[in-house]
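Residue numbers (our numbering): -5 to 373. Where is the CB? At the ideal position from N, CA and C, for every residue including glycine. It should be emphasised that the depicted structure is a prediction, and the values quoted were computed from it without experimental measurement.
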Ligand code: ATP
Ligand code: MG
């Protein structure tokens, strides 16, 4: 069937640098390498309603934000289909049938959902839709026959849930669905970028983010205020780099050229730190202040974000065209999922119009019934 890629984001806020390293860069790389047959990028507005039912405006407003972020990072609508989940109602049909293949206990074991319930304060007010969103994600993936899903590691339980649904479906109804695989970034620091506050995950819903669309000043301010090693009080103290978000960001974003560009002594031509290992070693043995490291991180982040910000600025002058990309993409996505839904309904046995066997068996049943009644009357 070839390689089909599906991935997406919830329009619950602008995209942040965690999205960039966790999934967006990977998509752009896959897109530009061209090693795929079809690529679908979903703006999961329907899923975003599951924890924003009282604030649909937030979801609506963020659709354009996510779309602008996509395009400014280099996603190209001539190479991939960018669509709105709510405009492909066939996905809800698939979700409905998959719901029968998953137990409540299994949903309750999902570690990402468990964590998200706590973040959202849903312990006693959990909407059923939110609880079941991993099933709808299985519909998103299988609805396109996707076999490749580039995601951050918080999504691994969703892809695993999808694989289980595929296996159960295929066992019950015959080989119908494609089993997908998650593709994580090669660089481990990018699997789950922590928040600027040191929390385990940068997340739109927590607000501990550096957004792709932040201005130069905002990015600088956030970096200068970042959480580091709380034990590193004086410059001369030895510091921890492990679990220290500033160093994790450097792992995720810095390239060797950044060190040469930033740390070369203009007079002697010597490079103070040639790579991240040297910078880390100095921090760990003491004598390197947080400020100096943060200033370097700011240099790296600005270098990464500047071209994205500039492209976004241009795209912001073409809002109607950006919406049109989403509408055109949604029509294409719908055409694709409709075919898969037909296949799924046929496999389950719900395509009545084409089911001559069913109609004939009912014809037969009633013919026999009438025949029996006739016989009885005659007796
Ligand atoms: P929300 O808080 O509304 O769930 P989010 O910030 O978690 O928003 P999503 O839209 O849920 O963002 O995630 C979209 C994609 O980005 C997923 O593939 C997810 O794994 C990835 N991603 C999100 N946050 C991070 C992060 N901090 N590090 C790496 N990848 C991430
Ligand atoms: Mg999320």
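Rounding to the nearest angstrom, what Cα-Cα distance links residue i and residue j in this structure?
i           : j           : result
residue 202 : residue 196 : 6 Å
residue 260 : residue 291 : 20 Å
residue 131 : residue 285 : 42 Å
residue 353 : residue 39  : 40 Å
residue 67  : residue 346 : 45 Å
residue 314 : residue 37  : 17 Å
residue 219 : residue 190 : 8 Å
residue 101 : residue 357 : 42 Å
residue 182 : residue 350 : 54 Å
residue 58  : residue 343 : 39 Å
residue 229 : residue 17  : 36 Å
residue 56  : residue 200 : 16 Å
residue 0   : residue 281 : 47 Å
residue 62  : residue 279 : 43 Å
residue 52  : residue 311 : 22 Å
residue 341 : residue 328 : 20 Å
residue 74  : residue 25  : 7 Å
residue 8   : residue 108 : 24 Å
residue 43  : residue 160 : 25 Å
residue 362 : residue 30  : 55 Å
residue 334 : residue 155 : 19 Å
residue 48  : residue 41  : 14 Å
residue 249 : residue 255 : 10 Å
residue 163 : residue 129 : 13 Å
residue 355 : residue 366 : 16 Å
residue 258 : residue 316 : 42 Å
residue 304 : residue 71  : 19 Å
How about residue i and residue j: are their beta carbons less than 8 Å apart?
i           : j           : result
residue 111 : residue 120 : yes
residue 324 : residue 82  : yes
residue 374 : residue 90  : The first residue shown for the chain is -5 and the last is 373, placing residue 374 beyond what the model contains.
residue 79  : residue 85  : yes
residue 300 : residue 207 : no
residue 151 : residue 20  : no
residue 45  : residue 114 : yes
residue 2   : residue 169 : no
residue 232 : residue 221 : no
residue 186 : residue 139 : no
residue 270 : residue 245 : yes
Is any heavy atom in the ligand GDP found nearer than 7 Å to the beta carbon of residue i?
i         : result
residue 4 : The ligand GDP is not part of the structure shown, which contains the ligand ATP and the ligand MG as its ligands.
Going by DSSP, name the residue or residues bridged to residue i.
i           : result
residue 35  : 1 and 76
residue 258 : 265
residue 277 : Answer is none; residue 277 lacks a bridge partner.
residue 144 : 177
residue 205 : 10
Quick one: is residue i buried, meaning 16 or more other Cβ sit within 10 Å of its Cβ, or exposed?
i           : result
residue 143 : buried
residue 321 : exposed
residue 14  : buried
residue 370 : exposed
residue 237 : exposed
residue 117 : exposed
residue 364 : exposed
residue 227 : exposed
residue 225 : exposed
residue 330 : buried
residue 359 : exposed
residue 4   : buried
residue 263 : exposed
residue 223 : buried
residue 338 : buried
residue 389 : Not covered by the structure: residue 389. The range shown for the chain is -5 to 373.
Can you find the residues in the same chain that come closer than 7 Å, C-beta to C-beta, to residue i, ignoring five residues on each side of it along the sequence?
i           : result
residue 141 : -3, -2, 172, 174 and 175
residue 241 : 235 and 274
residue 64  : 35 and 76
residue 283 : 229
residue 69  : 21, 22, 25, 35 and 76
Grab me the residues of residue i's own chain with a C-beta within less than 6 Å of its C-beta, minus the 5 sequence neighbours each way, in chain order.
i           : result
residue 332 : 84
residue 211 : none
residue 287 : 240
residue 383 : Outside the displayed span of the chain (-5 to 373) sits residue 383, for which this structure offers no information.
Below 8 Å CB to CB, which residues in the same chain sit around residue i once its five sequence neighbours on both sides are set aside?
i           : result
residue 295 : 11, 204, 213, 217, 243 and 247
residue 105 : 151
residue 276 : 267 and 282
Using 8 Å as the limit for Cβ to Cβ distance, is residue i near chain C?
i           : result
residue 207 : The question asks about chain C, but that chain is absent: this structure has only one protein chain.
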